[in-house]
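For reference, the structure is listed below as structure tokens.
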Amino acid sequence: MKNILFAASECVPFIKTGGLADVAGSLPKYFNKENYDVRVVLPKYNCMYQKWKDMMEYIDSFYMNLAGADRYVGILTCEYEGIRFYFIDNEYYFSGGSPYEGDPKWGIEKFAFFSKAVLSILPVIGFRPDLIHCHDWQTGLIPVYLDNFRFAGEYYRGIKSVMTIHNLKFQGVWDTKSVRYITGLPDYYFVPDKMEAYKDANLLKGGIVYADKVTTVSQTYAQEIKTPFYGEALDGLMNARSHDLWGIVNGLDYDEWNPEKDPMIAHPFNVENFRKVKVLNKTSLQEELGLDKDPKAMMIGLVSRLTDQKGFDLVDYIMDELCQDAVQIVVLGTGEAKYENMFRHFAWKYAGKVSANIYYSNELSHRIYASCDAFLMPSLFEPCGLSQLMSLRYGTLPIVRETGGLKDTVEPYNEYEKTGTGFSFTNYNAHEMLSTIRYAEQIFYDKKRDWNKMVERAMNMDFSWKNSAARYELLYRELLGE
Ligand code: ADP
Ligand code: GLC
Numbered sequence: 303m304k305n306i307l308f309a310a311s312e313c314v315p316f317i318k319t320g321g322l323a324d325v326a327g328s329l330p331k332y333f334n335k336e337n338y339d340v341r342v343v344l345p346k347y348n349c350m351y352q353k354w355k356d357m358m359e360y361i362d363s364f365y366m367n368l369a370g371a372d373r374y375v376g377i378l379t380c381e382y383e384g385i386r387f388y389f390i391d392n393e394y395y396f397s398g399g400s401p402y403e404g405d406p407k408w409g410i411e412k413f414a415f416f417s418k419a420v421l422s423i424l425p426v427i428g429f430r431p432d433l434i435h436c437h438d439w440q441t442g443l444i445p446v447y448l449d450n451f452r453f454a455g456e457y458y459r460g461i462k463s464v465m466t467i468h469n470l471k472f473q474g475v476w477d478t479k480s481v482r483y484i485t486g487l488p489d490y491y492f493v494p495d496k497m498e499a500y501k502d503a504n505l506l507k508g509g510i511v512y513a514d515k516v517t518t519v520s521q522t523y524a525q526e527i528k529t530p531f532y533g534e535a536l537d538g539l540m541n542a543r544s545h546d547l548w549g550i551v552n553g554l555d556y557d558e559w560n561p562e563k564d565p566m567i568a569h570p571f572n573v574e575n576f577r578k579v580k581v582l583n584k585t586s587l588q589e590e591l592g593l594d595k596d597p598k599a600m601m602i603g604l605v606s607r608l609t610d611q612k613g614f615d616l617v618d619y620i621m622d623e624l625c626q627d628a629v630q631i632v633v634l635g636t637g638e639a640k641y642e643n644m645f646r647h648f649a650w651k652y653a654g655k656v657s658a659n660i661y662y663s664n665e666l667s668h669r670i671y672a673s674c675d676a677f678l679m680p681s682l683f684e685p686c687g688l689s690q691l692m693s694l695r696y697g698t699l700p701i702v703r704e705t706g707g708l709k710d711t712v713e714p715y716n717e718y719e720k721t722g723t724g725f726s727f728t729n730y731n732a733h734e735m736l737s738t739i740r741y742a743e744q745i746f747y748d749k750k751r752d753w754n755k756m757v758e759r760a761m762n763m764d765f766s767w768k769n770s771a772a773r774y775e776l777l778y779r780e781l782l783g784e
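Sequential numbering of the sequence shown, starting at 303, is according to this note's numbering.
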């Protein structure tokens, strides 16, 4: 039996802002329980729902030095769906309305605290991991501290680490002097072949340099980040570590995302009856959101963080043109004000056709995935993307740009061979996107049989965690042996 500890800054069902939470919360359930005891550690944020806080039991507490003072480290725990979770408590760091609130420097200190605490609690919780699986820059210091702690005592020697990059854009960068002070790490680590990048300290870089293996969340993104365009100025490092870099595509929690047994949707359906039943969800949603009630109208969904990454400048550019077509557009998302306002504007301008829901709602997201005919995801870059997987599962055909995980998971429609599960375009160009959407409209309205065959193929795809969890097991075996 091998002990694995996941460390992440967000994790369903406790706290979520994006796909990282889905991965950290669902992947641990899919390892072979006879060989792996996988547990998860995350911060105990004040903004978590009370319902989750009530489930947690206090284990212990102690003080740990960070940023020039002794800081309280509380440890809580709970079991959920067969997985043991640990929560690190410190109200000074983890209060606030959302996990990433505050300026960048505060973020660095908060997650330096978390990373050091993850290692410090191990002797106290009586769970010594053989491997710590770190996710994104917030946990980038764990492999670095692990290296540092090895000198301090026997306990940490031999613990392996894996660093998974969910998004290379966010690296946790601040000036070297401050980071040295905050972390308490010696000068030794603040040089260009370790944690320093372009004169600043870079937490993700530290993780990538010191982890035994590095992974990212699709094979295409694993290739892309070795190039300057996608490499976010770390492409040199990604090339240097390419022998230890694996691309493993994300999966979905097929229990939570199941059109047949989804309590959040009005009319559950499956691959046999979707032709009759799926459309009932569309009319229910039209009613719920105040859109024109028309079962025949092609409905396009967008559920996303509203950021540049997701290609919303392309959408902005062609939205007026698109709204001349026989389509309805349903948006659910929060993020940059310019995009929030843009969608509010179009919802006002095209009332009855466009619905802008500028907030976070897991329930509404389920209904959008279930109700729409197509799902638009024209990302500038996309390490994996889960929304297109959710769409496929609910027979909602993705229209995507061919990048990262979108390229690996959506097979473009081929009208001659009758293959494909969605539509895609190559260049980051608004009119290339628009003509792809219009091509999809044409198939939807004029070739319904082909469209429905595509829905059937989409719903029959298997993006459960089964295959990808097996790949992570293979990776662990390489590091730990049988
Ligand atoms: P990213 O992690 O880059 O945001 P992903 O596609 O991997 O993109 O995951 C996004 C996840 O967050 C999906 O589960 C999506 O449904 C969810 N999501 C994004 N915005 C919202 C929102 N406003 N309300 C509910 N769920 C959302
Ligand atoms: C990141 C990426 C997204 C990916 C998710 C989970 O947020 O932007 O593409 O699906 O992490 O790995």
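Positions of the beta carbon are idealized from the N, C-alpha and C atoms, including for glycine.
Task: Any non-hydrogen atom of the ligand GLC within 7 Å of N469 CB - done: What you label residue 469 is simply residue 167 of the sequence shown in a count that begins at 1. Within the cutoff, so yes.
TODO: Taking only heavy atoms of the ligand GLC into account, decide whether any of them is closer than 7 Å to the Cβ of E684.
DONE: Position 382 of the sequence shown holds residue 684. Because some heavy atom of the ligand GLC lies under 7 Å away, the Cβ of E684 counts as near it: yes.
Task: Identity of the residue in S606, S663, Q630 and S673 nearest Y641 by Cα - done: On the sequence shown, position 339 is the one that residue 641 refers to. Checking every option, the nearest Cα to that of Y641 belongs to S606.
- [ ] Please confirm whether any heavy atom of the ligand GLC lies closer than 7 Å to the CB of G376.
- [x] Position 74 of the sequence shown holds residue 376. No - the ligand GLC has no heavy atom lying nearer than 7 Å to the Cβ of G376.
Open item on the list: Buried or exposed for G603, going by 16 or more other Cβ atoms inside 10 Å?
Closed with: For this step, residue 603 is matched to residue 301 along the sequence shown. Classification for G603: buried.
Open item on the list: Just checking I509 against the ligand GLC - is the residue's beta carbon closer than 7 Å to any of the ligand's heavy atoms?
Closed with: For the purposes of this step, residue 509 is identified with residue 207 of the sequence shown, where counting begins at 1. This sequence places Gly at residue 509; Ile is not what is there. Flag unset: Cβ of G509 not near the ligand GLC.
Task: Status (buried if at least 16 other CB within 10 Å, exposed otherwise) for K768 - done: Residue mapping note: residue 768 aligns to position 466 of the sequence shown, counting from 1. Classification of K768: exposed, given that the 10 Å Cβ count is below 16.
Open item on the list: Quick check on DSSP: helix, strand or coil for R459?
Closed with: Walking along the sequence shown from the start, residue 459 turns up at place 157. In this structure, R459 counts as coil in the three-state DSSP scheme.
- [ ] State the Cα-Cα distance for the pair V475 and T441, rounded to the nearest angstrom.
- [x] Locating residue 475 in the sequence shown gives position 173, where the first residue counts as 1. Locating residue 441 in the sequence shown gives position 139, where the first residue counts as 1. Taking the straight line joining both Cα atoms gives about 13 Å.
Task: Unbroken stretches of the alpha helix (DSSP H), 4 residues or longer, contained in the stretch 407-456 - done: List check, alpha helix (DSSP H) in window: 424-427 and 443-454.
Open item on the list: For R356 and A535, what's the separation of their Cα atoms in angstroms?
Closed with: The residue given as residue 356 occupies position 54 in the sequence shown. The residue given as residue 535 occupies position 233 in the sequence shown. The sequence shown places Asp at residue 356, not Arg. Approximately 43 Å between the Cα atoms of the pair.
TODO: Pick out the complete alpha helix (DSSP H) segments inside the stretch 335-381, 4 residues or longer, and give them in chain order.
DONE: 352-357
TODO: Classify Y532 as helix, strand or coil using the three-state DSSP reduction.
DONE: Stepping through the sequence shown from its first residue, residue 532 is reached at position 230. Y532 falls in the coil class under three-state DSSP.
Task: Segment limits, alpha helix (DSSP H) that includes R522 - done: To locate residue 522, count along the sequence shown from 1; it is residue 220. The question names Arg, but residue 522 is Thr in the sequence shown. Per DSSP, T522 belongs to the alpha helix (DSSP H) from Q521 to E526.
Task: Whether P561 touches Y696 by CB criterion (8 Å) - done: Position 259 of the sequence shown, counted from the start, is the residue given in the question as residue 561. Position 394 of the sequence shown, counted from the start, is the residue given in the question as residue 696. Yes; because the gap between Cβ atoms is below 8 Å, this pair is in contact.
Task: Span separating the alpha-carbon of L433 from that of D339 - done: In the sequence shown, residue 433 corresponds to position 131, counting from 1. In the sequence shown, residue 339 corresponds to position 37, counting from 1. About 11 Å.
TODO: Check whether the Cβ of N664 lies closer than 7 Å to any heavy atom of the ligand GLC, and answer yes or no.
DONE: Numbered from its first residue, the sequence shown carries residue 664 at position 362. Answer for N664: no, Cβ out of range of the ligand GLC.
- [ ] Mind reading off the beta-carbon distance from L682 to Q611? Whole number of angstroms is fine, and I expect it under 8 Å.
- [x] Taking the first residue of the sequence shown as position 1, residue 682 is located at position 380. Taking the first residue of the sequence shown as position 1, residue 611 is located at position 309. The Cβ separation is near 6 Å, so the contact holds.
Task: Per DSSP, cross-strand counterpart(s) of A716 - done: To locate residue 716, count along the sequence shown from 1; it is residue 414. Looking at the sequence provided, one finds Asn at residue 716 rather than Ala. BP columns for N716 point to T721.
- [ ] Please indicate yes or no: does the CB of K687 lie closer than 7 Å to some heavy atom of the ligand ADP?
- [x] Residue 687 sits at position 385 when you count from the first residue of the sequence shown. Here residue 687 is Gly; the residue named in the question, Lys, does not match the sequence. Distances taken from the Cβ of G687 to the heavy atoms of the ligand ADP include one shorter than 7 Å.
Open item on the list: Among A732, I739, Y483 and V446, whose alpha-carbon lies nearest the alpha-carbon of L616?
Closed with: Position 314 of the sequence shown, counted from the first residue, corresponds to residue 616. Relative to L616, the option among A732, I739, Y483 and V446 whose CA is nearest is A732.
- [ ] Specify, as a first and last residue, the run of the beta strand (DSSP E) that L634 falls within.
- [x] Counting from 1 along the sequence shown, the entry for residue 634 is found at position 332. Counting along the chain, the beta strand (DSSP E) containing L634 begins and ends at V629 to G637.
Task: According to DSSP, residues forming a beta bridge with I510 - done: Position 208 of the sequence shown holds residue 510. Bridge partners of I510 according to DSSP: none are assigned.
Open item on the list: I need the boundaries of the alpha helix (DSSP H) containing R695, first residue and last residue.
Closed with: Stepping through the sequence shown from its first residue, residue 695 is reached at position 393. That run of the alpha helix (DSSP H) goes S689 to R695.
TODO: Report yes or no: do the stretch 330-348 and the stretch 410-430 share at least 3 C-beta pairs separated by less than 8 Å?
DONE: yes
TODO: Specify the secondary structure class of Y500 as computed by DSSP and reduced to three states.
DONE: As a working note, residue 500 is residue 198 in the sequence shown. Correct three-state label for Y500: coil.
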